[in-house]
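*Asks:* Below is one structure. I have some questions about it.
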Amino acid sequence: MLETLQLQKLAREIVAKRMPKVEVADVLTVPITDSEGEAALRITFVLTPESVDAITGEDALKLLVELKDALFRKGEERFAIIEYATPDDLEEQEED
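Residue 124 in the numbering used here sits at position 6 of the sequence shown; the count goes up by one each step and never skips.
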């Protein structure tokens, strides 16, 4: 199981390679439990507002596949759930 900083570094490297036009302000990783009660991992890419429109569906899918493959190669067995948010989105979630 990878440590938080290792997860964040790997995620940043892959998003920079896969989506060079997207500016990631932060990468948040949180251990969670999936719908079947298994250990999972929520990875949230915090994007600058200007970067939101730069992501296509194809980009998101390729990032998902590449990140999950990289996590598996590093020995990370937890299922990864990928999310995207802006800082404003995160503030709204905290208020709820």
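Beta carbons: idealized from backbone N, C-alpha and C, even for Gly.
Provide the residue(s) that pair with alanine 198 in DSSP beta bridges, ordered along the chain.
*Replies:* The residue you call residue 198 lines up with position 80 of the sequence shown. Its beta-bridge partners are Leu159.
*Asks:* How many angstroms separate the CA atom of glycine 155 from the CA atom of arginine 196?
*Replies:* For the purposes of this step, residue 155 is identified with residue 37 of the sequence shown, where counting begins at 1. For the purposes of this step, residue 196 is identified with residue 78 of the sequence shown, where counting begins at 1. Approximately 12 Å between the Cα atoms of the pair.
*Asks:* To the nearest whole angstrom, what separates the beta carbons of threonine 147 and leucine 125, a pair I think is in contact under 8 Å?
*Replies:* Counting from 1 along the sequence shown, the entry for residue 147 is found at position 29. Counting from 1 along the sequence shown, the entry for residue 125 is found at position 7. Yes, they are in contact, since the Cβ atoms of threonine 147 and leucine 125 sit about 5 Å apart, within 8 Å.
*Asks:* Would you mind reading off the limits of the alpha helix (DSSP H) that contains threonine 122?
*Replies:* Looking up residue 122 in the sequence shown gives position 4. Taken as a continuous stretch (DSSP letters only), the alpha helix (DSSP H) holding threonine 122 covers 122–136.
*Asks:* Quick check on the DSSP output: the beta strand (DSSP E) that includes alanine 143 runs from which residue to which?
*Replies:* As a working note, residue 143 is residue 25 in the sequence shown. 142–151 is the extent of the beta strand (DSSP E) around alanine 143.
*Asks:* Are alanine 129 and leucine 208 close, meaning C-beta to C-beta below 8 Å?
*Replies:* Here residue 129 is taken as the residue at index 11 of the sequence shown, counted from 1. Here residue 208 is taken as the residue at index 90 of the sequence shown, counted from 1. Result no, Cβ atoms of alanine 129 and leucine 208 do not sit closer than 8 Å.
*Asks:* Going by CA-CA distance only, name the one from Thr122, Glu212, Thr204, Leu120 that's closest to threonine 166.
*Replies:* In the sequence shown, counting from the first residue as 1, residue 166 sits at position 48. Selected option, being the one with the closest Cα: Thr204.
*Asks:* Please classify valine 170 as buried or exposed, where buried requires at least 16 neighbouring CB atoms within 10 angstroms.
*Replies:* As a first step, residue 170 must be located in the sequence shown, where it is residue number 52. By the 10 Å Cβ count, valine 170 comes out exposed.
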